[in-house]
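Enquirer: I have a structure here, written as structure tokens, and I will follow up with some questions on it.
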Amino acid sequence: MTEYQVITGAEPLSRSGAIKLHGPEGFAGMRRAGRAAAEVLDALVPHVRPGVTTQEIDDIVHREMLARGGVPATLGYRGFTGSCCTSINHVVCHGIPGERVLKDGDIVNIDVTIFLDGWHGDTSRMFLVGDVPVKAKRLVDVTYECMMLGIAAAKPGHHLGDIGAAIQAYAERHRYGIVRDFCGHGLGRVFHDAPEVVHAGRPGTGPELRPGMFFTIEPMINIGKPAVKVLEDGWTAVTRDRTLSAQFEHSVGITEDGCEVFTKSPAGYDKPPYS
Ligand code: MF3
Ligand code: CO
Ligand code: CO
Numbered sequence: 038m039t040e041y042q043v044i045t046g047a048e049p050l051s052r053s054g055a056i057k058l059h060g061p062e063g064f065a066g067m068r069r070a071g072r073a074a075a076e077v078l079d080a081l082v083p084h085v086r087p088g089v090t091t092q093e094i095d096d097i098v099h100r101e102m103l104a105r106g107g108v109p110a111t112l113g114y115r116g117f118t119g120s121c122c123t124s125i126n127h128v129v130c131h132g133i134p135g136e137r138v139l140k141d142g143d144i145v146n147i148d149v150t151i152f153l154d155g156w157h158g159d160t161s162r163m164f165l166v167g168d169v170p171v172k173a174k175r176l177v178d179v180t181y182e183c184m185m186l187g188i189a190a191a192k193p194g195h196h197l198g199d200i201g202a203a204i205q206a207y208a209e210r211h212r213y214g215i216v217r218d219f220c221g222h223g224l225g226r227v228f229h230d231a232p233e234v235v236h237a238g239r240p241g242t243g244p245e246l247r248p249g250m251f252f253t254i255e256p257m258i259n260i261g262k263p264a265v266k267v268l269e270d271g272w273t274a275v276t277r278d279r280t281l282s283a284q285f286e287h288s289v290g291i292t293e294d295g296c297e298v299f300t301k302s303p304a305g306y307d308k309p310p311y312s
């Protein structure tokens with residue numbers, strides 16, 4: 038049996054294992070945090086070009102978050118050293134910003150999580166660096182569509198498994214591999230909370246979705262096999278077969294008749310190309 042916990046605003050900050058059901062105060066907080074996170078990604082668009090280092094991107098993310106009154110939730114999180122994750126080509130997720138220079142033809146996921154006025158806005162997008170091969174662009178398109186199909190399945194009365202099933206059906210139709218080692222997650226006042234949102238599954242399985250649930254949908258899709266390995270740095274996850282990987286992420290809240298996407302791009306830069 039799934040446990041739910043109705044949030045009134047008076048309870049201590051906890052990661053209890055129960056799925057939290059938030060009220061209007063939570064929606065207001067997530068709307069602000071989600072919008073700020075999306076604006077930070079929007080601000081990167083002119084900078085993600087051949088020749089820029091991932092550290093320079095990280096510096097901009099840090100600055101743009103502080104300018105909005107927030108802080109990067111990833112900085113110092115379990116020892117992570119970045120204000121964002123930068124995952125290039127065969128890097129699946131959790132790439133650490135550093136001296137790596139972006140080059141023509143790269144695809145890169147930039148994942149930002151802002152902590153603003155007590156709430157987390159977590160979102161990522163793919164960026165195309167210069168002229169990108171059609172094979173890579175197709176992966177990026179399908180991965181975006183996977184996330185959007187997952188979002189379309191996120192409504193009351195459906196189950197968590199319906200989200201994974203929608204994503205899986207579309208990815209497998211394109212013969213891509215769906216990463217199983219990482220998943221979406223509940224979030225709110227807590228960065229990573231219950232439930233786990235897996236990106237493959239069977240319809241009708243898992244907890245029932247109820248109004249007030251907040252979670253991310255963040256499928257990682259590989260051209261090749263789903264298997265990943267984590268490098269010596271303890272963070273960088275790469276495809277074992279070295280094929281390209283893509284990811285998009287939105288933070289959503291279940292409403293009475295569907296879901297609200299907290300991290301939509303105010304500039305309309307939800308899906309590349311952005312110009
Ligand atoms: N933002 C990532 C997520 O979607 C989490 C990154 S944790 C980090 O859940 F430490 F790697 F930054
Ligand atoms: Co996330
Ligand atoms: Co994220």
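Using this note's numbering, the first residue of the sequence shown is number 38, and each one after it goes up by one. Idealized CB from N, CA, C, for every residue including glycine.
(1) ASP159: beta carbon under 6 Å from a heavy atom of ligand 2?
(2) What do you reckon, is the C-beta of ASP148 under 6 Å from a heavy atom of ligand 1?
(3) Suppose the cutoff is 8 Å on Cβ atoms and the five residues either side in sequence are ignored; what does the same chain contact list for TYR207 look like?
(4) On the DSSP bridge list, what partners appear for GLY158?
(5) Could you tell me if LEU197 is buried or exposed, where buried requires 16 or more neighbouring beta carbons within 10 angstroms of its beta carbon?
(6) Given this structure, state the Cα-to-Cα distance separating ALA304 from ALA75, to the nearest angstrom.
(7) Contact defined as beta carbons within less than 8 Å: I believe GLY221 pairs with GLU255. What is the distance between those atoms, to the nearest angstrom?
(8) May I ask you to verify whether the stretch 257-268 touches the stretch 73-90, counting CB pairs closer than 8 Å and requiring at least 3?
(9) If contact is defined by three or more beta carbon pairs under 8 Å, each pair taking one atom from either stretch, is the stretch 138-150 in contact with the stretch 164-180?
(10) Could you tell me if the beta carbon of TYR181 falls within a distance shorter than 6 Å of some heavy atom in ligand 1?
(11) Between TRP272, ARG279, ILE94, GLY249, which lies nearest to VAL43 when the distance is taken from Cα to Cα?
Expert: Considering the structure as presented:
(1) Yes, the beta carbon of ASP159 sits closer than 6 Å to at least one heavy atom of ligand 2.
(2) Within the chosen limit of 6 Å, ligand 1 reaches the beta carbon of ASP148 through at least one heavy atom.
(3) Result list for TYR207: VAL179, GLU182, CYS183, LEU186, in chain order.
(4) DSSP, once it has assigned bridges, lists ILE151 as partnering GLY158.
(5) Under this definition LEU197 is a buried residue.
(6) Those two C-alpha atoms are separated by around 9 Å.
(7) At roughly 5 Å, the Cβ-Cβ gap stays under 8 Å, so GLY221 and GLU255 are in contact.
(8) Counting Cβ pairs under 8 Å, fewer than three are found: no touch.
(9) In short, these stretches touch, since the Cβ pair count reaches three.
(10) Flag unset: Cβ of TYR181 not near ligand 1.
(11) Considering only alpha carbons, the answer is GLY249.
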